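In this note's numbering, the protein residues as written are 1253 to 1453. What follows is one structure encoded as structure tokens, with my remarks underneath.
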């Protein structure tokens, strides 16, 4: 039902489809509360991108333990990433870009989401330091943290990121005023698949 002109809220009866494994409603005009979907505990893929959902990501999203793909991009979601999302250890794709999300990323994100291959956090209002555990994302291919308010050093160790093909950090407040703050670039020589690197801040 993607890329139609569907409007309104998701009917609560949809939350009764406990065997549903995939749900894609992106590219519509849907609004309302996401919490009714957390009963779909068999879901492996959920894409609600490009809609008009508001409010926060429900903390009960942690019930969806089989999720490998979560797409919530291009909505009007606000608040912080709920702690339970970091328990979705099967996730390989996380698309939450272009919302109004804030706060910092969990310091253990690279440990609790070890299977991430594509992670898009761009164009939100995230702040704070970048987690050093990002270098534990050994399967990451595309990591986009651009257009936020992250600050401090860039704790990326290319020796641990053999699959990395895109790293986008532009439009943040990164840097800590020391002459060696670009030393992380030396380790990126190990990222033989790297095609795009954007670090303008």
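Where is the CB? At the ideal position from N, CA and C, for every residue including glycine. Computed from a predicted model, the values in this text were never measured in an experiment.
* Contact set for residue 1316: own chain, Cβ-Cβ below 6 Å, skip 5 residues either direction -> 1295
* Cβ neighbour criterion (16 or more within 10 Å) applied to residue 1331 -> exposed
* Asked: So the beta strand (DSSP E) residue 1438 belongs to, where does it begin and stop?
  -> From DSSP, residue 1438 is part of no beta strand (DSSP E) but of the alpha helix (DSSP H) over 1436–1439.
* Boundaries of the alpha helix (DSSP H) in which residue 1323 is found, first to last residue -> Premise fails: residue 1323 lies in the beta strand (DSSP E), 1321–1323, not in any alpha helix (DSSP H).
* Please name the residue, chosen from 1388, 1444, 1370 and 1448, that lies closest to residue 1362 on a Cα-to-Cα basis. => Looking from the CA of residue 1362, the closest CA among 1388, 1444, 1370 and 1448 belongs to 1388.
* Asked: DSSP state of residue 1300, grouped into three classes?
  -> If DSSP states are grouped into helix, strand and coil, residue 1300 belongs with coil.
* Cβ shell of residue 1302 (< 6 Å), same chain only, five flanking positions each side left out -> 1278, 1279 and 1326
* Sheet register partners of residue 1420 (DSSP bridge) -> 1396 and 1450
* To do: Mind reading off the beta-carbon distance from residue 1397 to residue 1374? Whole number of angstroms is fine, and I expect it under 8 Å.
  => 7 Å
* **Outcome for residue 1426 when other beta-carbon atoms lying within 10 angstroms are tallied against a minimum of 16** => Under this definition residue 1426 is a buried residue.
* So what does DSSP say about residue 1343, is it helix, strand or coil? -> coil
* Just mark residue 1355 as buried or exposed, buried being the case when its beta carbon has 16 or more other beta carbons within 10 Å. => exposed
* Bridge partners - residue 1401, DSSP secondary structure assignment -> Bridge partners of residue 1401: 1379.
* To do: Identify, in the order they occur along the chain, each residue of the same chain with its Cβ nearer than 6 Å to the Cβ of residue 1306, setting aside the five sequence neighbours on each side.
  => 1328
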